[in-house]
Amino acid sequence: ALALAPRDLVWAKRFQTKMPVINVEDLTDKDKAKMEVDQLKIEVKLERALVSKCCEEVRDYIQGGVEEDPLVKGIPEEKNPFKEKGGCVIS
């Protein structure tokens, strides 16, 4: 069974590396502590950003694409792939 912390899986996906399958229950306390320290060493190198700054950037990005956003602007009827097609009605 794969027993890695969610942060390990996020890290692996972020850099497209393959994480080894490790059964943490089989590790000694020393090995678990070493894994934790190794992970913390990786995380300490990550660039940090203020949430307020990130929120501003996300807001600006969203507002910059409002004109092209079909969820905000809507889809023209002739280009709407989900428009109901005409059909027969049985009465």
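Letter 62 of the sequence shown, counting from 1, is numbered 63 in the working numbering, and no numbers are missing. Glycine included, C-beta positions come from ideal geometry on N, C-alpha and C.
query                                                                                                                                                                  : result
Is the beta carbon of Val67 closer than 7 Å to that of Val73?                                                                                                          : yes
Is the Cβ of Val90 closer than 7 Å to any Cβ of chain B?                                                                                                               : No chain B is part of this structure, which consists of one protein chain only.
May I ask you to report which of helix, strand or coil DSSP gives Ser53?                                                                                               : helix
Over what stretch of residues does the alpha helix (DSSP H) that includes Asp39 continue unbroken?                                                                     : Asp30 to Val45
Please report the Cβ distance between Lys33 and Val45, rounded to the nearest whole angstrom; I am assuming they are in contact, meaning their Cβ atoms lie under 8 Å. : Between Val45 and Lys33 the Cβ distance is about 19 Å, and since that is not below 8 Å, they are no contact.
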